[in-house]
Amino acid sequence: MARPITDKDRQAVERLHAQSMSRNDIARQLDRSPATVSKIAKALGLSFNRAAEVETATAVRKADLSARRAAFAERLQDIAEREADKLAAPTTYFAWGGKDHRYAEKVQPEPIPADRRAIMSTIATALDRSLKLVPPRDDAGAESRSVIADLMAGLARDYAQRHGGPPPEHEEPEAADDDT
Numbered sequence: 004m005a006r007p008i009t010d011k012d013r014q015a016v017e018r019l020h021a022q023s024m025s026r027n028d029i030a031r032q033l034d035r036s037p038a039t040v041s042k043i044a045k046a047l048g049l050s051f052n053r054a055a056e057v058e059t060a061t062a063v064r065k066a067d068l069s070a071r072r073a074a075f076a077e078r079l080q081d082i083a084e085r086e087a088d089k090l091a092a093p094t095t096y097f098a099w100g101g102k103d104h105r106y107a108e109k110v111q112p113e114p115i116p117a118d119r120r121a122i123m124s125t126i127a128t129a130l131d132r133s134l135k136l137v138p139p140r141d142d143a144g145a146e147s148r149s150v151i152a153d154l155m156a157g158l159a160r161d162y163a164q165r166h167g168g169p170p171p172e173h174e175e176p177e178a179a180d181d182d183t
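Here you go:
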């Protein structure tokens with residue numbers, strides 16, 4: 004036989020619901036079934052529908068991730084720029100060698116071709132990843148030109164429907180002779 008619902012159960016459900024606990028968490032804490040907790044909540048006019056909260060939390064999380072991607076894209080851009088500076092910078096080459104295992108060092112005015120290729124590869128990878136994280140925005144002028152072109156095409160279609168043909172070509176007025 005099921006345990007009867009007491010005032011103590013009702014008060015506990017109301018208190019725990021106010022603490023944003025889920026129905027199942029409340030049921031575990033009170034050692035009652037989730038169905039019983041739902042029945043009590045319904046009688047108290049409470050709901051466990053958290054769709055709006057979840058939607059808000061999801062939007063916030065997406066915004067946070069977008070900001071983090073933008074910050075990381077900046078870091079990648081910085082790396083690419085630092086690497087580009089190395090292409091024309093003096094470079095120290097060193098080696099240990101010989102039977103005495105001696106250290107030798109030489110400064111070149113810029114990296115050797117193999118190192119330049121490696122630097123360029125690092126730059127390309129950093130820029131590629133940066134652009135994938137935060138693609139560049141399209142030219143706003145191109146978008147407005149597209150809107151104007153769409154508007155003009157719509158006006159031409161409207162004219163053709165009303166007048167049975169395309170609009171006449173615009174002719175520039177002839178310039179008046181100043182000699183007359």
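Residues 4 to 183 in our numbering are what the sequence shown lists, from first letter to last. Note that CB positions come from ideal geometry on N, CA and C, so glycine has one too. As the structure is a computational prediction, the values presented were derived from the model and not from experiment.
- With respect to the C-alpha of L33, the residue from R18, L49, A46 and L47 having the closest C-alpha is R18.
- Within the DSSP secondary-structure output, G100 pairs in a beta bridge with R105.
- About 6 Å separates the CB atoms of A44 and V16; that is less than 8 Å, so the two are in contact.
- Judged by DSSP secondary structure, R120 falls within the alpha helix (DSSP H) whose first and last residues are P116 to L136.
- Assigned with DSSP and collapsed to three states, T39 falls in helix.
- Looking at the DSSP output, T94 bridges to Q111.
- When the Cα atoms are used, Q22 and I151 turn out to be separated by approximately 55 Å.
- Rounded to whole angstroms, the gap between the alpha carbons of V63 and A76 is 20 Å.
- Within the same chain, A98 come within 6 Å of A107 by CB-CB distance, once the 5 residues on both sides are set aside.
- If you ignore the 5 residues before and after A87, its C-beta comes within less than 6 Å of the C-beta of I126, all in its own chain and listed in chain order.
- The Cβ atoms of A129 and A70 lie no closer than 8 Å to each other.
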